[in-house]
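First up is the structure itself, then whatever we jot down about it.
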Amino acid sequence: MHRKQWIFDMDGTLTDSMTVVWQGAPLELLRRHGRTARPGIHDVLLSMGMVEGAEYLIRTYDLPLTLRDYEPAMRQVIRDLYKKVELKPGVREMLARLKAEGVRMCICSNTWAEEVLTRLGVADYFEFFYTAQGAKSKARPEVFHEVLERLGGSEPADAVVCEDAVYATRTARQCGFYLIDIEDETSAADKPELQRLADQYITDWTQLDWTKL
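With our numbering, letter number 85 in the sequence shown gets 85, and the count goes up by one each step, no holes.
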């Protein structure tokens with residue numbers, strides 16, 4: 001294995017949190033207020049921005065919340081759901097093997113990755129946790145270059161990015177990284193594009209082809 005710098009997303013890549021948290025949060029918020037979600041709620045919310053989605057839930061389900069109340073209420077729901085998140089199959093074994101091979105690893109995520117991975121007992125595999133939000137979004141190539149430099153690398157082709165999101169995958173491909181994309185229920189619609197962009201597209205981490213790394 002000659003690729004010694006690996007950059008991991010967390011949600012949907014290492015953990016099942018895209019389904020448990022990001023699909024589950026609106027349902028749990030409604031449940032806490034005695035409401036039942038209507039069929040197709042995920043498709044409706046997927047077409048909306050954060051504020052528009054909040055307004056939709058408050059209006060449609062007559063929630064006793066203002067927009068100001070909504071944000072802290074949803075944040076608490078998300079934190080609670082993250083306590084139920086688990087690693088995807090094969091993650092522990094994969095990280096242990098990379099560590100044994102002398103690979104330097106980090107997390108590049110826009111959520112509470114360190115807190116979640118500490119609870120799951122794998123945080124020590126990563127040298128640092130990079131918060132990719134706002135101006136530091138993974139839609140920006142300079143983010144991946146900055147993270148690679150912090151890992152001690154200089155050539156994207158000799159480093160690996162692991163993702164499940166198509167927007168971040170496109171950015172990493174633009175930068176020239178070796179790309180591993182993992183299947184996730186929430187990105188099913190993007191599967192053809194992810195398969196086209198990735199050097200390896202896998203359904204779980206036990207399928208990784210180590211001979212190509």
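Each residue gets a CB set at the ideal place from its N, CA and C atoms; glycine is no exception.
- Message: On the criterion of 16 or more Cβ atoms from any shown chain inside 10 Å, does Val160 qualify as buried, or is it exposed?
- Response: Val160 should be labelled buried.
- Could you check the C-alpha separation between Met18 and Lys191 for me, to the nearest Å? Annotation: Met18 to Lys191 spans about 15 Å, alpha carbon to alpha carbon.
- Contact between the region 109-125 and the region 34-53 (3+ Cβ pairs under 8 Å): Taking 8 Å as the limit for Cβ pairs, the verdict is that the region 34-53 does not touch the region 109-125.
- Throw me the rounded Cβ distance for the Thr13 and Glu163 pair, which I believe falls under 8 Å. Their Cβ separation, rounded to whole angstroms, is 6 Å, which keeps Thr13 and Glu163 in contact under 8 Å.
- Can you grab the Cα-Cα spacing for the pair Glu71 / Val77, in whole Å? The C-alpha of Val77 is placed about 10 Å away from the C-alpha of Glu71.
- Rounded straight-line distance, which links the Cα of Gln207 to that of Met94: In a straight line, the C-alpha of Met94 is about 10 Å away from that of Gln207.
- Can you give me the start and stop residues for the beta strand (DSSP E) that Arg104 sits inside? If you look at Arg104, you'll find it in the beta strand (DSSP E) that goes 104-109.
- Message: Closest to Lys99 by C-alpha separation, out of Gln174, Val147, Lys4, Arg196, would be which residue?
- Response: Answer by Cα proximity: Lys4.
- Message: Here's the rule I'm using: 16 or more other beta-carbon atoms within 10 Å means buried, otherwise exposed. How should Pro26 be labelled?
- Response: Looking at its Cβ environment, which holds 16 or more other Cβ atoms inside 10 Å, Pro26 is buried.
- Pull up the DSSP beta-bridge partners for Trp22, would you. Beta-bridge pairing links Trp22 to no other residue.
- By Cβ distance below 8 Å, which residues in the same chain neighbour Met10 in space, the five residues on each side in sequence not counted? Excluding positions up to five away in sequence, the list reads Ser17, Ile107, Ser109, Thr111, Ala113, Val116, Leu117.
- Message: Are the CB atoms of Leu194 and Arg173 within a distance shorter than 8 Å?
- Response: Between Arg173 and Leu194, the CB-CB gap reaches or exceeds 8 Å.
- Going along the chain, which residues of its own chain have a beta-carbon closer than 6 Å to the beta-carbon of Ser187, five neighbours each way excluded? Taking Ser187 as the centre and dropping the five residues before and after it, the same chain places the C-beta of Asp164 closer than 6 Å to its C-beta, in chain order.
- Under a three-way DSSP split, which group does Leu148 fall into? In this structure, Leu148 counts as helix in the three-state DSSP scheme.
- Query: Just checking my contact of Met105 with Tyr130 at CB under 8 Å: how many whole Å lie between their CB atoms?
  - Reply: With 8 Å as the limit, Met105 and Tyr130 do not qualify as a contact, their Cβ atoms being about 12 Å apart.
- Message: Using CA atoms only, rank isn't needed, just tell me which of Gly134, Glu142, Glu146 is closest to Phe128.
- Response: The candidate whose alpha carbon is nearest that of Phe128 is Glu146.
- Item | Rounded C-alpha distance that separates Glu55 from Leu65 | When rounded, the distance between both Cα atoms is 10 Å.
- Query: What do you reckon, are the CB atoms on Cys171 and Lys212 nearer than 8 Å?
  - Reply: The amino acid at residue 171 is misidentified as Cys; the sequence shows Thr. No. Outside cutoff.
- What's the call for Ala168, buried or exposed, on a 16-neighbour Cβ count within 10 Å? Looking at its Cβ environment, which holds 16 or more other Cβ atoms inside 10 Å, Ala168 is buried.
- Query: Using DSSP with H/G/I as helix, E/B as strand and the rest coil, what is Leu87?
  - Reply: Looking at Leu87 - three-state DSSP - the assignment turns out to be strand.
- Query: Does the Cβ of Ala135 have 16 or more other Cβ atoms within 10 Å, making it buried, or fewer, making it exposed?
  - Reply: Taking every protein chain shown into account, the CB of Ala135 has fewer than 16 other CB atoms within 10 angstroms, so this residue is exposed.
- Message: Going by DSSP in three states, Trp6 sits in which element: helix, strand or coil?
- Response: Residue state, collapsed to three classes: strand.
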